[in-house]
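This report concerns only the one structure given below.
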Amino acid sequence: MARPLRIEYPGVNMINLTLMPPKKSWGQHFLIDSNIARKIVDPSFVSAGDRVVEIGPGRGILTEILLKMGTRVLAIEIDPRLSAMLRSAFSSYPNFELVIADACRYPYQDIKGPFKVISNLPYNISTPILFRLLEERDHLSGMILMVQKEVADRLTAPVGSKQYGALSVLFQALADVKMAFTVPPQCFRPRPDVLSAVIKVTTREPKVTLREKRFFATVVKAAFSHRRKFLSNALADAGFEGPILLDIFKETGIDSRRRAETLLIKEFAALANKLYDRMNYVTIK
């Protein structure tokens, strides 16, 4: 079990940080198993002097390990109750910085130098945070994240499977994703109703040629926005013009009646590149 963090807090004598109740609205499930926490902080991935961003530090079980390793921790916590306590608990560490902010909207591009992310992500916003971090991939070198196992399955899903979706395509196109290990519910308070999993993400150059990465992401998300619709209809619903789509399906040889979950990453790339070129041409004209 984690060593209780006993800290001074204004108006209260010696509060125990491990007793701070979670908020369901923020998807808080606090990790309480120190053995799992040490396993997450892989010394082959992070070492002293590294800049580490921790999203949702909660009660600080990962934070404490990272600080004692000598990493420079930027903790992003939305809960002001926890923020006040964490700041007090770790104020003696010169390598600790905390901001009260929404991790989905935080300006990661303002962080000086490359950074890594090590976090037990809040379950109810793990998907938007993952998309947000991928947008900032040029500023970070890797991630170790605790997520629901079903999210980890989506990240690593093969083409054609039920789990294969926008997360799968974008992360597999722009990074190497590996599921490290699963974590049972009893390692958290409160216990979640699902298994959790730790994933390791290493950013790299795209495995396919892309005209523009953000546009590629827009096309992929649009294609999966209506999973049961034909590809042509899903893209048309997202605002892409029908005549242009018809031309591009012919040029790429992709059947417009296919569904998004059947497309390989290289087919998404071909589709996005052609759309980008054509729409750029139409705009300029």
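Each number in my numbering corresponds to the 1-based position in the sequence shown with 553 added. Glycine included, C-beta positions come from ideal geometry on N, C-alpha and C. Quantities reported herein were computed from a predicted structural model and do not represent experimental measurements.
Nearest CA to the CA of K669: which residue from G695, T735, F583? G695
K621 to R591, Cα distance in whole Å? Taking the straight line from one Cα to the other gives about 11 Å.
Beta carbon of Q716, beta carbon of D729: below 8 Å? No, the pair does not count as a contact, with Cβ atoms beyond the cut-off.
Have a look at T624, S785, L828, K766 and flag the residue whose alpha-carbon is nearest the alpha-carbon of F724. K766
Collapsed DSSP secondary structure at E689 in the structure displayed: coil
P596 to L788, Cα distance in whole Å? 44 Å
Would you mind stating whether R812 and F769 have Cβ atoms separated by less than 8 Å? no
Hey, how far is the Cα of G609 from the Cα of K774? 26 Å
Sorted by chain position, which residues of the same chain lie with C-beta nearer than 6 Å to V700's C-beta, five sequence neighbours on each side aside? L674, S679
Within the continuous beta strand (DSSP E) that includes E703, where are the two ends? Counting along the chain, E703 falls outside any beta strand (DSSP E), though it belongs to the alpha helix (DSSP H) covering 702-708.
Neighbour-count burial assignment, T756, 16 or more Cβ in a 10 Å radius: buried
Alpha carbons only, please: which of D603, F649, I629, F684 is nearest the one belonging to E617? F649
Would you report the Cα separation of V605 and D691, rounded to the nearest angstrom? A straight line joining the alpha-carbon of V605 with that of D691 spans about 15 Å.
If you drop the 5 nearest sequence neighbours on each side, which residues of the same chain put their C-beta closer than 7 Å to that of F583? P575, G611, R612, F741, R742
Relative to the C-alpha of F821, which candidate in L686, V652, A719, F643 has its C-alpha closest? F821 has its Cα closest to that of A719, out of L686, V652, A719, F643.
Flag this pair as yes or no: are the beta carbons of V761 and K819 separated by less than 8 Å? yes
Which one of V626, T815, I807 has the shortest CA to CA distance from L828? I807
So, D830 versus R764, is the Cβ gap smaller than 8 Å? Taking 8 Å as the Cβ cut-off, D830 and R764 qualify as a contacting pair.
Would you mind sorting V652 into buried or exposed? The rule is 16 or more other CB atoms within 10 Å of its CB. exposed
Sort T815, M832, S778, F777 by Cα distance to L798 and report the nearest one. M832
From the beta carbon of H692, is the nearest beta carbon of chain C less than 8 Å away? Absent here is chain C; the protein component of the structure consists of one chain.
Could you tell me the distance, in whole angstroms, from the CA atom of G713 to the CA atom of V751? Between G713 and V751, the C-alpha separation is close to 24 Å.
Helix, strand or coil, according to DSSP, for I608 in the structure here? strand
How long is the line joining the alpha carbons of A823 and I589, rounded to whole angstroms? 42 Å
Go to T735, then tell me how far its beta strand (DSSP E) extends in each direction, as first and last residue. Secondary structure note for T735: its beta strand (DSSP E) is the uninterrupted segment 728-736.
Whose CA, out of A726, L727, S749, lies closest to the CA of P737? S749
Among residues of its own chain, excluding the 5 on either side of N826, which ones have a beta-carbon nearer than 6 Å to its beta-carbon? R764
Where do the ends of the alpha helix (DSSP H) carrying V772 lie? 766-776
Could you give the DSSP three-state label for V652: helix, strand or coil? Strand at V652.
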